[in-house]
Amino acid sequence: MHLSIVQRCASRLGLQALWVLVALASSTLVNAAGSLPTYGEMDAAGFAGSPRENYALQDFSDKYRATLDISAKDDVFRPGVINVYDKASGAALIRVQSDELVLGTDPKTGKVKTNVHELPYGEQSVLIYKDFNFDGIKDLALMDGQNSCYHGPSYQVFLGTADGFRQSDSFTELAQNNCGLFSVDEKAHKIETMTKSGCCWHQMSTYGIHNGEPVLETQTVIEHTGGSGLPTETVSRNQNGKMTHTTSIVWEEDQQREILLSFRLAPSGKRIVLFRSGDASPVFYAALDSKNQVGLLFPQAEGEQLKYDAASHVLSFVRGDTAYRIVGDAKGAPTDLKLLAEPAQGSLNKVADALKAVQ
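Residue numbers are given in numbering that gives the first Met the number 0: position 163 of the sequence shown equals residue 162, and the series is strictly consecutive.
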């Protein structure tokens, strides 16, 4: 009886040990099956049940190859999967899936094009193989959909290592939150990004590479939001880990901006411009330096306005404690000012007519 109990206990222990071994084996199988990293989102069930086409990608590396498994639908954006393999062993290394990939093939070979990188709004291929962090080892950017600005291409970025790749959150973030993949300045060892919102807001950023990671160095934001139509430019610079900011208004010549009067003061060479943007636009005064930065723009605040006295041919305005005057002769040419030798463009008479048009 005692022996029987011992046998039963041993039997139970053996069964438990067997289940442990089965569980460990199952766990090992799951880990092995799931060892291939998969990135991106898609309707996997819908993709599995739909007709698909499989393409090889153009040869981009001596060590690696890639394929594109994509929906057979004739749509611009299609569900698909990009797989990257080791050429020598045939092992699968990376899998990126998306509901919105693009199919761009070489008409001569039928293979999917690689390393097409036309910024900011041109064609960008599903795979770009380049050294992004300037360590001498090429890296991979694999399209994971259209998540960048204006439904543009976005990428998962994988940095090359001695024995494969590792996914980079920092580089991937740059390839998600801007307009397409970043540009690579190989000579300066810089990464540059651009993004925008509508016609009137643009942001350009430059990153240096420190310890293999991108670090923001400079950022320029240009906004066309003021009534004058002139852009406001804010430049931010990384000064020993602290960002400093400089904001200025920048003069731009364009076809919509009508110059009513323009001349240069002596001896500084400062340019004075009176202009408007369209027949219904207010008239603006701008004082420009040699870099076309606007030191004084008028009007800006509510209630500010230019005044013209037709009898005395005087244009005037007040900003703070300072009064500004431009005196003209009967033909509207500026007088009582020290001007450079070049002739003035336009006249005070044109300014006066433009002021009357919006009264």
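Cβ atoms here follow ideal geometry from the backbone N, Cα and C, with glycine treated the same way.
Measuring CB to CB, does residue 183 end up less than 7 Å from residue 129?
-> With a cutoff of 7 Å on beta-carbon distance, residue 183 and residue 129 are scored as near each other.
Assuming residue 186 and residue 207 form a contact by the criterion Cβ under 8 Å, report the distance between their Cβ atoms to the nearest whole angstrom.
-> That pair is no contact at about 13 Å.
Where residue 43 falls: helix, strand or coil (DSSP) = helix
Candidates 340, 320 and 352, of which the one nearest residue 330 by Cα | 352
Whether residue 142 touches residue 100 by CB criterion (7 Å) | yes
Determine the contact status of residue 180 and residue 265, defining contact as a CB-CB distance below 7 Å.
-> no
Cβ neighbours of residue 70 in the same chain (closer than 8 Å, five flanking residues each side left out) = 46, 49, 50, 51, 52, 77, 78 and 79
Would the beta-carbon of residue 54 fall within 7 Å of that of residue 111?
-> yes
Under a three-way DSSP split, which group does residue 131 fall into?
-> Coil, per DSSP.
Other residues of its chain near residue 26: CB distance less than 6 Å, five sequence neighbours each side excluded = Reliability fails at residue 26, whose pLDDT of 30 lies under 50, so the model's placement of it is uncertain and the value that follows must be treated cautiously. Taken in chain order, the list of residues that qualify is empty.
Nearest to residue 124 (by Cα), restricted to the options 98, 136 and 67 = 67
Given residue 285 as reference, the closest of 309, 260, 301 and 302 once Cα atoms are compared = The residue with the shortest Cα to Cα distance from residue 285 is 260.
Beta-carbon proximity of residue 39 to residue 97, cut-off 7 Å | yes
Please say whether residue 177 and residue 192 have beta carbons closer to each other than 7 Å?
-> Against a cut-off of 7 Å, the Cβ pair of residue 177 and residue 192 comes out as a contact.
Sequence ranges, beta strand (DSSP E) only - wholly within the region 133-214, length at least 3 = Scanning the region 133-214 from its first residue to its last, the whole beta strand (DSSP E) runs of 3-plus residues come out as 138-147, 151-160, 163-166, 182-184, 189-196 and 200-209.
Grab the span of the alpha helix (DSSP H) containing residue 348 for me, first residue to last.
-> 347-356
With DSSP run on the structure shown, which of helix, strand or coil describes residue 85?
-> strand
In angstroms with no decimal places, state the Cα-to-Cα distance between residue 313 and residue 327.
-> The straight-line gap from Cα to Cα measures roughly 6 Å.
6 Å CB neighbourhood of residue 146 in its chain, flanking five on each side removed | For residue 146, where only same-chain residues beyond five positions count, the Cβ hits under 6 Å are 153 and 175.
Span separating the alpha-carbon of residue 139 from that of residue 115 | 13 Å
For the beta strand (DSSP E) that contains residue 241, what are its first and last residues?
-> 241-249
With DSSP as the reference, label residue 227 as helix, strand or coil.
-> coil
Local conformation of residue 78 per DSSP, three classes = strand
Quick one: grab the DSSP three-state call for residue 368.
-> As displayed, the chain neither begins before 0 nor continues past 358, which places residue 368 out of reach and without an answer.
Just checking my contact of residue 215 with residue 164 at CB under 8 Å: how many whole Å lie between their CB atoms?
-> About 24 Å separates the two Cβ atoms, so there is no contact after all.
Would you kindly report the start and end of the unbroken beta strand (DSSP E) that includes residue 292?
-> For residue 292, the uninterrupted beta strand (DSSP E) segment begins and ends at 292-297.
With a Cβ-Cβ cutoff of 7 Å, do residue 292 and residue 247 count as a contact?
-> Contact flag set, yes.
So what's residue 21 in DSSP terms, helix, strand or just coil?
-> In this prediction, residue 21 scores a pLDDT of 34, lower than 50, which makes its location untrustworthy; the coordinate-derived value is nonetheless stated afterwards. Helix, per DSSP.
Are the beta-carbon atoms belonging to residue 283 and residue 227 less than 7 Å from one another?
-> Residue 283 places its beta carbon less than 7 Å from that of residue 227.
Should residue 333 go down as buried or exposed, given a rule of 16 or more other Cβ atoms within 10 Å for buried?
-> buried
Could you give the distance in angstroms between the alpha-carbon of residue 249 and the alpha-carbon of residue 335?
-> 28 Å
Take residue 298 as the anchor and find which of 287, 317, 160 and 309 has the nearest alpha-carbon.
-> 317
For residue 94, which of 106, 102 and 84 has the nearest alpha-carbon?
-> Residue 94 has its Cα closest to that of 84, out of 106, 102 and 84.
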